[in-house]
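Here the structure is laid out as structure tokens; the discussion comes afterwards.
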Amino acid sequence: MSDGTTLSKDDAPELRDQAARDAADKAATYEWGFVSDLEQEFAPKGLNEDIVRFISAKKNEPAWMLEWRLKAFRMWQGMTAPDWAKLNVPPIDYQDAYYYAAPKQKPSLSSLDELDPEIRRTYEKLGIPIEEQKVLAGVEGARKVAVDAVFDSVSVATTFREELKKAGVIFLSISEAIREYPELVRKWLGKVVPIHDNYFATLNSAVFSDGTFVYVPEGVRCPMELSTYFRINAANTGQFERTLIVCDKGAYVSYLEGCTAPQRDENQLHAAVVELVALDDAEIKYSTVQNWYPGDAEGRGGIYNFVTKRALCQGRNSKVSWTQVETGSAVTWKYPSCVLAGENSVGEFYSVAVTNNHQQADTGTKMIHLGKGSRSTIVSKGISAGKSNNTYRGLVRVGPTAEGVRNFTQCDSLLLGDQCGAHTVPYIEVRNPSAQIEHEATTSKISDDQLFYAMSRGLDQEAAVALIVNGFAREVLQQLPMEFAVEAQKLLGISLEGSVG
Amino acid sequence: MNGVLDLPSTHDEAWRWSDLSGLPALAGARPGGRAPTGELWIGCGGPRLLFIDGAYRPEESDPGPVTVGPAEAGAGDHPLGRLAGHQGWRLQLARDRGPAATIEIVHVATGGPAHVAAEIVMDEDAQASLVETFAGEGWHNVARKITLGRAARLGIARRVLGGGFASLTDTASLAAGASLDIATLAAGSGDSRLDTRLTLEGGGAYGEAGGALLARGAQRHDANAVLRHAAAGGTSRQLWRSVADDRATCAVAARVEVARDAQKTDAEQSLKGLLLARTATINAKPELEIFADDVKCAHGATVGELDRNALFYLASRGVPPVEAKALLTRAFVADALARIGDEAVRAAFLADAEAWLGA
Amino acid sequence: MTMLNIENLSAEVGGKTILNGLSLSINAGEIHAIMGPNGAGKSTLAYTLGGRPGYEVTGGSVRFLGEDLLAKEPHERAAAGLFLGFQYPVEIPGVSNVQFLRSALNAQRVARGQAELSGGDFLRLARAQADALGLAQDMLKRPVNVGFSGGEKKRNEMVQMGIIDPRLAILDETDSGLDIDALRVVGHGINTIMRKPDRAVLLITHYQRLLDYVKPDFVHVLAGGRIVRSGGAELALELEREGYGALAA
Chain A
1 MSDGTTLSKD DAPELRDQAA RDAADKAATY EWGFVSDLEQ EFAPKGLNED
51 IVRFISAKKN EPAWMLEWRL KAFRMWQGMT APDWAKLNVP PIDYQDAYYY
101 AAPKQKPSLS SLDELDPEIR RTYEKLGIPI EEQKVLAGVE GARKVAVDAV
151 FDSVSVATTF REELKKAGVI FLSISEAIRE YPELVRKWLG KVVPIHDNYF
201 ATLNSAVFSD GTFVYVPEGV RCPMELSTYF RINAANTGQF ERTLIVCDKG
251 AYVSYLEGCT APQRDENQLH AAVVELVALD DAEIKYSTVQ NWYPGDAEGR
301 GGIYNFVTKR ALCQGRNSKV SWTQVETGSA VTWKYPSCVL AGENSVGEFY
351 SVAVTNNHQQ ADTGTKMIHL GKGSRSTIVS KGISAGKSNN TYRGLVRVGP
401 TAEGVRNFTQ CDSLLLGDQC GAHTVPYIEV RNPSAQIEHE ATTSKISDDQ
451 LFYAMSRGLD QEAAVALIVN GFAREVLQQL PMEFAVEAQK LLGISLEGSV
501 G
Chain B
1001 MNGVLDLPST HDEAWRWSDL SGLPALAGAR PGGRAPTGEL WIGCGGPRLL
1051 FIDGAYRPEE SDPGPVTVGP AEAGAGDHPL GRLAGHQGWR LQLARDRGPA
1101 ATIEIVHVAT GGPAHVAAEI VMDEDAQASL VETFAGEGWH NVARKITLGR
1151 AARLGIARRV LGGGFASLTD TASLAAGASL DIATLAAGSG DSRLDTRLTL
1201 EGGGAYGEAG GALLARGAQR HDANAVLRHA AAGGTSRQLW RSVADDRATC
1251 AVAARVEVAR DAQKTDAEQS LKGLLLARTA TINAKPELEI FADDVKCAHG
1301 ATVGELDRNA LFYLASRGVP PVEAKALLTR AFVADALARI GDEAVRAAFL
1351 ADAEAWLGA
Chain C
2001 MTMLNIENLS AEVGGKTILN GLSLSINAGE IHAIMGPNGA GKSTLAYTLG
2051 GRPGYEVTGG SVRFLGEDLL AKEPHERAAA GLFLGFQYPV EIPGVSNVQF
2101 LRSALNAQRV ARGQAELSGG DFLRLARAQA DALGLAQDML KRPVNVGFSG
2151 GEKKRNEMVQ MGIIDPRLAI LDETDSGLDI DALRVVGHGI NTIMRKPDRA
2201 VLLITHYQRL LDYVKPDFVH VLAGGRIVRS GGAELALELE REGYGALAA
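Now the structure itself:
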């Protein structure tokens, strides 16, 4: 945490909590559920090779990129969707969706002033600063955060690009990166998540429309937080973004990702791929606050969130830390993972997943230990309410040549109400005797004693629940950059409204 | 894929760590005939039954309350259990009844398949303990259905000592206040697959499944246990200890299921694995599936080598490294066998484990 | 001024009648002690006044500062100025004392139409109270009651009372499990925070030891769910000497 902000480290938790309760007062249910009315351009509905060609052409991609996409598409046609997760997902009609939707605007903007005012208003409403003088979430005194704003299928604005460029950091939409840094992109794209990796990753490889590319050169500590804000706006549209972050030797970057979508009765598909590469002594901190529309209280609508996120800790002493706060989506299928190939590399996974009403989440991580002395930490906090189901699924694997591996896993579940489910499915596969693997899990509910104690000190029931839940999730929330922690605390409170009593 | 046997593949979640590739050969092999059985009896002084290649040997048995013949094994569509057939043994105990001494059953295979179906039905407050030994070479395939009435109590200890393959499939249902514990020691030279499914149907029942799996060479032990809490106030314990040496693999998938109505459930799992060689593998999957909110469910799993601090401590007290290792490994394994109630049985099992560790 | 007026209060827990027509009136500036044998209904009285779910009022009325106390939710009772000191303070993992109390205090202030305290102002207040009661400063940052010793928990209750600054404190066996030093600190806390003309205290205790440090104006004996005898401070000493048996009879 940086100094010089108006929030001091000591004050942070209480101030955050205050912000959370302010937000809870303000927001009845899903305050991001509005639809922006603007002219959009769509590809024809459905999925076939022509659509893949259309997307590639729209983006002026080089031939190799089109070939890559077509290869993925052909592969995907022969694949079947995975069914091993504890998820009940009705069959998805892949022909009944748009795979490309973009706000109509000039092909290239010379400045942000030319951005469609409706899009600008959308991001303002969401509290996302796409103008550089603004700061994230309106937190006074917060540090500068560079933002890549992805609206349906395209990136509409990327801020602080010039300032970052001076530091040598490349931060731009992946479509631009493919054109401007083809060698760099080609070197790493699909190296961490190969195109045949899984059904949804293969689909993404064929039709991904936009996303973010970050390259931090050797020895550079990225001077500000980078972030991407994903917004699904158009109806019947899938979002397939692709993010690639490469951190060269000794470099450091902290990257934040936020997601929202309008409230609609239909289910919309989001199938993203995120690839991270950390070379020697590099460190990537990747934080997500996932708040896609979760569907209504009866389980109508909501985003199907099938995401493949994986980091390759290729270098010695490299480190990747995933932190996620998952409150949205009707269905979440997501396992941000680390392939710990480098000697003494470090992988971390901190997760809070909240499910309420009819939401289903099957999320966790894989820590694949290949490098000597590699270490990993997994802290998962699952909170289930309403009629929801929340599953932690994780794998810790130690390869035969990985000497001296350490892993510690803590999985805690909190149940609110007696109509929900909390599940823990950890896999441990160890092939080296020098490994030390520890896994612990607990399941609990908010006790009546805790509720009454907090209420007897003046908190109403919802504030008391929010406070106790935030305490339960604290270990994870404190991993987030402060601006995101504020937002995450709000979300936990809001997501659980009406779940107790 | 597997010819007439139609065996599950590792794509099937419940069989992801299995290797059944040796079964078709064993299934088709011809038994070699007689085998010495003398040293296989623990000598509990109670009823005893001998099965050779799945066939009952009355001349060496004293079945007591156990009847031999048709049995409803209740294995359903379990891919191995359903192959065990409908012939074997049956134990039915009326209310308040139970043999005073432990029932002892010895199974010997002589090179081929040995299929046995078994059924245990115990009425209210009946009580029994059972020890089983699986020896010889071949494929022991036992499927068993256990039905415990109110407050009935059953303890089962079994040891797998032979070569070949042992697939033991248990399906049990427990009425209110009933208690069942199944402890298994795998200390032979063959592979095993243990399927245990206990359902606590009545309130306040107690279920326990666990054991010690010892593997070396290219051995594979694969245990799959499901403890289902269907009613309130139940308690379950799963304590598994795995030791893998050489190129061996031990896998334990242990699940606790807590149904919506099973409030006040108290479930614990402890899965520990000890690797003795860098080419060995330990797999563990301690799984919780919970649909009730007022429950106490905790699990712990660890995999690693012997505690270096403990080894050093012993060395500093003058214990040579080899002995220190043996001592700590024995203690590690003994944890899983400590729950066996019958002292003679426990002593025999510990001796088997010692013999394996000392070999 | 009458602060608390309990009339003919009956309450049951799990279908069993525990309070059976209890009446008691407390004026501003007074400290009352309620004593009684185990099972007399002392804790039930505290929880019923605090509004704990499961403690069902079956008869009678309670007015607090002129309002119907029983109609309020627990947090509304707190906002109205009632503080319940717990015999067994509850642990809340992951939530720091400071965070907990600031949320609670500001919720109360908002409910009363007062402005919220800023982070800085609150911390100053919290630190001053912790100092006054000998609670180490770092305890403020630790999760609520987690890993606290029995004595620390009770001190923490007093720190909370000092920060919240209630009109009426109902302290349920605050003296149980305390060593001599802690008892002195707690007694001192009650005197400094609550011994004021516009405050009042209802001390619930089994032994008269705490009353060496906090001198009550009135002592009541609770038995069989109602007050069977009332008197001055000397009654506590008499109870100490003679035991409950004789008096309750």
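Chains as they are written, first to last, in the numbering used here: chain A, 1 to 501; chain B, 1001 to 1359; chain C, 2001 to 2249. Beta carbons: idealized from backbone N, C-alpha and C, even for Gly.
Looking at the structure shown, is residue i part of a helix, part of a strand, or coil, going by DSSP?
i	result
A:Ser434	coil
A:Ile232	coil
B:Pro1369	Any property of residue 1369 of chain B remains undetermined from this structure, which presents chain B solely from 1001 to 1359.
A:Tyr99	coil
A:Ser2	The predicted model places A:Ser2 with a pLDDT of 36, which falls under 50 and marks its position as unreliable, so this point remains unresolved.
A:Ile92	coil
B:Met948	Here chain B has residues from 1001 to 1359 only, and residue 948 of chain B is not among them.
C:Met2161	helix
B:Ala1347	helix
C:Thr2058	strand
A:Phe160	coil
A:Gln239	strand
A:Gly302	strand
C:Ile2136	The displayed chain sequence assigns Ala, not Ile, to residue 2136 of chain C. In the structure shown, C:Ala2136 sits in coil (DSSP, three-state: anything other than H, G, I, E or B).
A:Ala341	coil
Check whether the Cβ atoms of residue i and residue j sit closer than 8 Å, and answer yes or no.
i	j	result
C:Gly2150	C:Val2185	no
A:Ala206	A:Ala101	no
C:Leu2211	C:Ala2040	no
B:Ala1071	B:Ala1117	yes
C:Ile2034	C:Leu2202	yes
A:Ile468	C:Ile2092	yes
C:Asp2172	C:Ile2031	no
Is it buried or exposed, residue i, if we count other Cβ atoms within 10 angstroms and call 16 or more buried?
i	result
C:Leu2237	exposed
C:Asn2008	exposed
A:Arg457	buried
B:Arg1220	buried
C:Ser2023	exposed
B:Phe1312	exposed
C:Gly2147	exposed
A:Ile446	buried
CB-CB under 8 Å to residue i, same chain, minus the five flanking residues each way: which ones, in chain order?
i	result
C:Leu2117	Arg2102, Leu2105, Asn2106, Arg2109, Leu2125
B:Ala1326	Leu1357, Gly1358
Sorted by chain position, which residues of the same chain lie with C-beta nearer than 7 Å to residue i's C-beta, five sequence neighbours on each side aside?
i	result
C:Tyr2047	Tyr2055
A:His196	Met75, Thr202
B:Gly1204	Ala1176, Gly1177, Gly1233, Gly1234
B:Gly1341	Ser1129, Gly1155
If the cut is a Cβ gap below 8 Å, which residues of chain E does residue i touch?
i	result
A:Ile494	Absent here is chain E; the protein component of the structure consists of chains A, B and C.
By Cβ distance below 6 Å, which residues in the same chain neighbour residue i in space, the five residues on each side in sequence not counted?
i	result
A:Lys26	Low per-residue confidence applies at A:Lys26: pLDDT is 40, beneath 50, and the placement is therefore not dependable enough to give any value.
B:Ser1167	Leu1080, Asn1141, Arg1193
B:Tyr1056	Val1068
A:Arg221	Tyr252
A:Thr377	Glu348, Phe408
Interfacial residues, the stretch 453-464 of chain A to chain C, with Cβ spacing under 9 Å
Those residues of the stretch 453-464 of chain A that come within reach of chain C (Cβ to Cβ, closer than 9 Å) are Tyr453, Ala454, Met455, Ser456, Arg457, Gly458, Leu459, Asp460, Gln461, Ala463, Ala464.
Note down, in chain order, all residues in the stretch 2205-2225 of chain C with a beta-carbon under 8 Å from any beta-carbon belonging to chain A.
Taking 8 Å as the upper bound on Cβ-Cβ separation, chain A lies near no residue of the stretch 2205-2225 of chain C.
At a Cβ cut of 8 Å, what residues of the stretch 432-449 of chain A count as close to chain C, listed as they run along the chain?
Legend: CB atoms of the stretch 432-449 of chain A lying less than 8 Å from CB atoms of chain C belong to residues Ser447, Asp448, Asp449.
Interface residues of the stretch 465-480 of chain A facing chain B [CB-CB below 7 Å]:
From the stretch 465-480 of chain A, no residue has a Cβ closer than 7 Å to chain B.
Where the stretch 2069-2091 of chain C meets chain A: residues whose CB sits under 9 Å from a CB there
For the stretch 2069-2091 of chain C, the set of positions with a beta-carbon nearer than 9 Å to some beta-carbon of chain A reads Glu2073, Pro2074, His2075, Glu2076, Arg2077, Ala2078, Ala2079, Leu2082, Phe2083, Leu2084, Phe2086, Tyr2088, Pro2089, Val2090, Glu2091 in chain order.
For the stretch 1285-1315 of chain B, enumerate the residues whose C-beta is nearer than 8 Å to any C-beta of chain A, in chain order.
The residues in question are Lys1285, Pro1286, Glu1287, Leu1288, Glu1289, Ile1290, Phe1291, Ala1292, Asp1293, Asp1294, Val1295, Lys1296, Cys1297, Ala1298, His1299, Gly1300, Ala1301, Thr1302, Val1303, Gly1304, Glu1305.
At a Cβ cut of 9 Å, what residues of the stretch 79-107 of chain A count as close to chain B, listed as they run along the chain?
Within the stretch 79-107 of chain A, the residues whose Cβ lies closer than 9 Å to any Cβ of chain B are, in chain order, Trp84, Lys86.
Listed from N- to C-terminal order along the chain, which residues in the stretch 1019-1038 of chain B have their beta-carbon within a distance smaller than 8 Å of any beta-carbon of chain A?
Residues are counted here when their Cβ sits less than 8 Å from a Cβ of chain A; for the stretch 1019-1038 of chain B the count is zero.
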